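Participant: Mind looking over this structure? Questions follow.
In the UniProt record's numbering, the protein residues as written are 1 to 149.
Spelled out as structure tokens, the structure:
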């Protein structure tokens, strides 16, 4: 199985190359490598290669595996803007859009928790429609992590 690169960048000091590889919705690898190693330059990689990097103990090449929330936290730590990531198009046939009622039930959170975090959602991932909200699964994963369903 192949994972596609959706982001690449370089640390401010110019030493570390950074890349995000998307396996599927909710499964990503955030790779950091010393500039002497060449993994982040690939447009796509086998998931097995990314998993080896994730499990490895090389301090010049490592990967964080996680959902959108994990990856956004890593981007923030490294000083990158989440809007530079090419997350891809929503698959509307895959029940990607939920009502706020369905979302809070699926994630096991209170309605007030969702309302308090509205400004934390990526642009375009939540919209007010009448008296309720329409929210994407992508947005929910970015703010609350993967649901435990």
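Backbone N, C-alpha and C define an ideal beta-carbon position, used for all residues, glycine too.
For clarity, every value in this text was computed on a predicted model and none was experimentally measured.
1) Around the Cβ of residue 31, are there at least 16 other Cβ atoms within 10 angstroms (buried) or fewer (exposed)?
2) Helix, strand or coil: which one does DSSP assign to residue 107?
3) For a quick check, are the C-beta atoms of residue 86 and residue 6 less than 9 Å apart?
4) Please state whether DSSP places residue 39 in a helix, a strand or coil.
5) Just verifying my parser: in three-state terms, what is the DSSP assignment at residue 66?
6) Quick check: the Cα distance between residue 48 and residue 22, rounded to an integer number of angstroms?
7) By the three-class DSSP mapping on this structure, what secondary structure does residue 17 have?
Facilitator: Quick answer:
1) By one-based count along the chain shown, residue 31 stands at place 31. Classification of residue 31: buried, given that the 10 Å Cβ count is 16 or more.
2) Numbered from its first residue, the chain shown carries residue 107 at position 107. Here residue 107 sits in helix by DSSP.
3) In the chain shown, counting from the first residue as 1, residue 86 sits at position 86. In the chain shown, counting from the first residue as 1, residue 6 sits at position 6. The Cβ atoms of residue 86 and residue 6 lie closer than 9 Å to each other.
4) For the purposes of this step, residue 39 is taken as residue 39 along the chain shown, with counting starting at 1. If DSSP states are grouped into helix, strand and coil, residue 39 belongs with coil.
5) The residue given as residue 66 occupies position 66 in the chain shown. The answer is strand: DSSP assigns residue 66 an E or B state.
6) Working through the chain shown from its first residue, we reach residue 48 at position 48. Working through the chain shown from its first residue, we reach residue 22 at position 22. Going from the Cα of residue 48 to the Cα of residue 22 covers about 13 Å.
7) To locate residue 17, count along the chain shown from 1; it is residue 17. Residue state, collapsed to three classes: strand.
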